[in-house]
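Everything below concerns the one structure shown next.
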Amino acid sequence: LAKSGSRNRYQFYIASIDREMRKRRQLENDLKEAIGKGQMNVVYQPQICYSTGKFFGAEALLRWQHPEFGWIAPDTFIPLAEQSGSIVAIGGWVLEQVCQQLTTWLKEENMQGFKVAVNLSTVQLHHTSLAVQVARLLEVHQLPAGSLEVEVTETSLMQDVNAAKRNLQALRNIAVSIAIDDFGTGYSSLSYLKSMPLDKIKIDRSFVQDALTSEDDATIVRAIIQLGHSLGLKVLAEGIETKEMEDFVVSLGCDEGQGYYYSKPASPLIIGQLLKDYALARR
Ligand code: C2E
Ligand code: MG
Ligand code: MG
Ligand code: MG
Numbered sequence: 381l382a383k384s385g386s387r388n389r390y391q392f393y394i395a396s397i398d399r400e401m402r403k404r405r406q407l408e409n410d411l412k413e414a415i416g417k418g419q420m421n422v423v424y425q426p427q428i429c430y431s432t433g434k435f436f437g438a439e440a441l442l443r444w445q446h447p448e449f450g451w452i453a454p455d456t457f458i459p460l461a462e463q464s465g466s467i468v469a470i471g472g473w474v475l476e477q478v479c480q481q482l483t484t485w486l487k488e489e490n491m492q493g494f495k496v497a498v499n500l501s502t503v504q505l506h507h508t509s510l511a512v513q514v515a516r517l518l519e520v521h522q523l524p525a526g527s528l529e530v531e532v533t534e535t536s537l538m539q540d541v542n543a544a545k546r547n548l549q550a551l552r553n554i555a556v557s558i559a560i561d562d563f564g565t566g567y568s569s570l571s572y573l574k575s576m577p578l579d580k581i582k583i584d585r586s587f588v589q590d591a592l593t594s595e596d597d598a599t600i601v602r603a604i605i606q607l608g609h610s611l612g613l614k615v616l617a618e619g620i621e622t623k624e625m626e627d628f629v630v631s632l633g634c635d636e637g638q639g640y641y642y643s644k645p646a647s648p649l650i651i652g653q654l655l656k657d658y659a660l661a662r663r
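Just so you know, the UniProt record's numbering puts 387 at position 7 of the sequence shown, and the rest follows in order with no gaps.
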């Protein structure tokens, strides 16, 4: 009896792994057609500068509405797209969408100088034609210098330091600024970081959110801000959800913030309206 019971357990286990793998393969396949079928869209989350009190820019975040499984989080589908290679097409599409949106936004009177940050996957970061692709987009859309930023993670930087450095330098040369995303969660060597052409550190939201209750996290946030400033970089705190969190990071001299306290990621229309209302309220 015990024997057949454990065999059933194994069979159950194998069946559930099998189901997982099949779903994964299906998602990988569906990803190839997601853009063509209009299932993807880009939302934006505003970023605030604490010294001016203004929303100077926004981060572009990708969304996928699957016809069968509904909304799928980027933390789930981006890794699949990286492994299956479709990230190159998807990432290119995101960049194109962002440039189009910037063209529209920069015509608005209250959005002069606005900047959009785009997340780059590891594959994109190491792709030899990255800077050429971005340069072409900036030219086609006639975007002003400084209107585009890219976000890369420590871990993806460290995969091939020389290739990353070459590509980031090439992006810098065409006035694209560079932020390190989720800082503190990856493994990066400080000596490599120092040699990279960077503009900004984004402190991972896990540290920011625990800083009010954990002395250790507060210390980490303080240390990252000091490190960033001593390297001549701007520092942005991710995941600001409350006034208390804002007060805390501002008290440490943090330059910029982003999080649900200001706005959740939203459609360009909603973000445009939010910025208008905000500008009016400040008059
Ligand atoms: P990320 O680049 O670190 O983006 C920030 C994530 O934190 C977003 O999740 C955002 O919605 C969430 N967030 C912002 N403020 C708050 C807050 O106050 N509280 C909480 N709990 N969460 C907050 P999202 O949109 O699910 O994206 C997850 C990750 O997926 C991103 O992390 C990024 O690594 C990746 N991703 C998203 N869009 C793209 C893309 O176009 N290309 C690539 N390569 N990766 C992307
Ligand atoms: Mg990001
Ligand atoms: Mg982040
Ligand atoms: Mg993240």
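Where is the CB? At the ideal position from N, CA and C, for every residue including glycine.
For clarity, every value in this text was computed on a predicted model and none was experimentally measured.
**Q.** Alpha carbon of E408 to alpha carbon of K417, nearest angstrom
**A.** 15 Å
Q | Close-in-space but distant-in-sequence residues of the same chain around R585 (CB under 6 Å, 5 per side omitted) | A | E618, G619
**Q.** Proximity test, residue 331 beta-carbon vs ligand 1 heavy atom, cut-off 7 Å
**A.** What is shown of the chain runs 381 to 663, which leaves residue 331 out entirely.
**Q.** Three-pair Cβ contact test at 8 Å for the stretch 563 to 575 versus the stretch 529 to 541
**A.** yes
Q. Since V615 contacts I581 with CB under 8 Å, what's their CB separation in whole angstroms?
A. 5 Å
Q: May I ask you to list the residues that DSSP assigns as paired with S557?
A: E529
Q. Counting along the chain, where does the alpha helix (DSSP H) carrying K623 start and finish?
A. 623 to 631
Q: With a threshold of 16 other CB atoms inside 10 Å of the CB of S501, please say whether the residue is buried or exposed.
A: buried
Q: Provide the residue span of the beta strand (DSSP E) that contains F435, from first to last.
A: 434 to 446
Q | Terminal residues of the alpha helix (DSSP H) in which Q539 lies | A | 534 to 539
Q.
When you measure from the CB of E529 to every non-hydrogen atom of ligand 2, does any distance come out below 7 Å?
A. no
Q. Taking 7 Å as the cut-off, does the CB of D562 come closer than this to any heavy atom belonging to ligand 3?
A. yes
Q: For the stretch 646 to 663 and the stretch 441 to 457, state whether three or more C-beta atom pairs, one from each stretch, are separated by less than 8 Å.
A: no
Q. So the beta strand (DSSP E) Q425 belongs to, where does it begin and stop?
A. 420 to 429
Q.
Going by DSSP, what residue range makes up the alpha helix (DSSP H) through K656?
A. 648 to 661
Q: Starting from the N-terminal side, write out each stretch of the alpha helix (DSSP H) that is 4 residues or longer and does not extend beyond the stretch 592 to 616.
A: 595 to 610
Q.
I'd like the span of the beta strand (DSSP E) that includes A453, first residue to last.
A. Where A453 is concerned, there is no enclosing beta strand (DSSP E), given that its DSSP letter is neither H nor E.
Q. Out of I650, Q589, R602, P645, which has the shortest C-alpha to C-alpha gap to K623?
A. Q589
**Q.** Residue from Q391, K434, A440 whose Cα sits closest to the Cα of A646
**A.** A440
**Q.** Residues bridged to G637 (per DSSP)
**A.** I428, A617
Q) Since L482 contacts L523 with CB under 8 Å, what's their CB separation in whole angstroms? A) 6 Å
Q) If you run the structure through DSSP and keep just helix, strand and coil, what is K403? A) helix
(Q) As a quick exercise: from F587, D561, L607, pick the residue whose alpha carbon is nearest that of S571. (A) L607
Q | Of the listed residues V520, S643, I583, G639, nearest to L632 (C-alpha basis) | A | I583
Q. Can you find a heavy atom of ligand 1 that lies under 7 Å from the Cβ of I458?
A. yes
Q.
Residues in the same chain with beta-carbon distance under 7 Å from L611, minus the five sequence neighbours each way, listed in chain order, please.
A. K574
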